[in-house]
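A.B. asks:
2 protein chains.
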Amino acid sequence: MRMSQGVEWALHTCLNLSWLDAPVPTGALAAFYELPPAYLNKQLQALVRAGILTSISGPRGGFRLARPPEAISLLDIVSAIEGPEELFRCDQILSKGPGEHAGVDYRQSCAFAHAMRGADLAWRRELSGKTVADVRSDVERGHPGAPADTRARIAELR
Amino acid sequence: MRMSQGVEWALHTCLNLSWLDAPVPTGALAAFYELPPAYLNKQLQALVRAGILTSISGPRGGFRLARPPEAISLLDIVSAIEGPEELFRCDQILSKGPGEHAGVDYRQSCAFAHAMRGADLAWRRELSGKTVADVRSDVERGHPGAPADTRARIAELR
DNA sequence: GTCGTGCTACTCGGATAGCCCATGTCCGAGTGAGGGTGG
DNA sequence: CCACCCTCACTCGGACATGGGCTATCCGAGTAGCACGAC
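As they're listed, the protein sequences go chains A and B.
Residues 423 to 580 in the working numbering are what the first sequence spells out, letter by letter.
Residues 423 to 580 in the working numbering are what the second sequence spells out, letter by letter.
#1: Any chance the CB of Ser517 of chain B is under 6 angstroms from a heavy atom of the ligand NAD?
#2: Would you tell me roughly how many angstroms separate the C-alpha atoms of Arg563 of chain B and Thr448 of chain A, rounded to the nearest one?
#3: Quick check on the DSSP output: the alpha helix (DSSP H) that includes Ile499 of chain A runs from which residue to which?
#4: Compute the Euclidean distance between the alpha carbons of His523 of chain B and Leu466 of chain A, then round it to the nearest angstrom.
#5: So with CB distances below 8 angstroms, who are the chain B contacts of Phe510 of chain A?
#6: In chain order, what residues of the stretch 447-478 of chain A put their CB closer than 9 angstroms to some CB of chain B?
#7: Counting only the same chain and skipping the five closest in sequence on each side, list residues whose C-beta sits under 8 angstroms from that of Leu549 of chain A.
#8: Within a Cβ cutoff of 8 angstroms, which residues of the same chain sit near Ile503 of chain A, ignoring the five residues on either side of it in sequence?
#9: Please classify Pro490 of chain B as buried or exposed, where buried requires at least 16 neighbouring CB atoms within 10 angstroms.
#10: If we define contact as Cβ-Cβ less than 7 angstroms, is Phe485 of chain B a contact residue for chain A?
#11: Could you spell out where the alpha helix (DSSP H) holding Ser550 of chain A opens and where it closes?
#12: Arg558 of chain A: which of B:Ser479, B:Ala533, B:Leu543 and B:Ile576 sits nearest, CA to CA?
#13: Do you know offhand how far His536 of chain A's Cα is from Gly505 of chain B's?
Have a look at this one:
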């Protein structure tokens, strides 16, 4: 149950985009961390479908944040890459066991499914409580030169 | 990032075993929910390695809880099947970016890794706060006949 | 000088291979129980 | 009748196939900028 690699790429890329106004092409974003450009592009497409990024085609095109970073939670990014399903999927094996099981939805009544959903919600609550803007503030506090460094590096990679 | 199917099997199997004293062979536990016996056996081996179950070979052998159900948390079972790694694995792509990166452990300093770890801990805290005994109490409250039904079904599947 | 037009190069987007882990299965080693035999 | 031993069947445990999804890549559709030429 390892999370997809694309999540880490998406998180850092969104943070970098929050320091930039003009659209940035996939190539520059990938070179920033020495990532495979085509595969990063695939992840960014998912972010576009989720409404987190907007894409512009043609020369001087690229990707840009679709919303201010205060409106992008870590959960938004994780869900965009990993999908909306919860961590634990209840296959209702109870319906194969003894006892009444006519038309019972064990995703609701199974005590284990209930407990697992509670843990899942706690995880999501933490993730939705932290935004890209929050992380950006933390980073700028520890590394005040980060925004300028990022802008300079992107400019030279364009 | 879907959780392994074996987790659901392990949870329900541990609950069933909490109602039984004598060892129960894989075949009976699998038939209970119409699961593939050999593959369920594989999951149970993981629970033995984690110290949650004990196994007895030979005739009249099988699996039994190694500890009282009050001492078995849902986290114990999930970790036994899925492994101890956290959900988000930080590959430290920051080390490829600009800025100083000599001997820095970005799993500690990266703000995203920090936030993801916080969410992971919230998830684990929920799971470790619920034990098999808690779930058993919930089930017995809703279905008082469950223990007897389970014992009867296992007896006829032996 | 200005406007229109065509070209060019750049970027995204989806379609296409490769690889690793979860899934599923099988057979061998070990062992405890039961029956048979001898005292 | 009792104790010992042998055989047997049963169970776990790890080794062996298979498939789906994550990883990685490539090429085509669309588009904005630019240069050139006509007015």
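Don't be surprised by glycine CBs; every beta carbon is placed ideally from N, CA and C.
C.D. replies: The short version:
#1: Absent from the structure shown: the ligand NAD. Ligands present: none.
#2: 56 angstroms
#3: Leu496 to Glu504
#4: 26 angstroms
#5: Met425, Val429 and Glu430
#6: Phe454, Tyr455, Glu456 and Leu457
#7: Ser495, Leu496, Leu497 and Val500
#8: Ser426, Gly428, Val429, Ala432, Gln465, Ala468 and Leu469
#9: exposed
#10: no
#11: Ala533 to Ser550
#12: B:Ala533
#13: 22 angstroms
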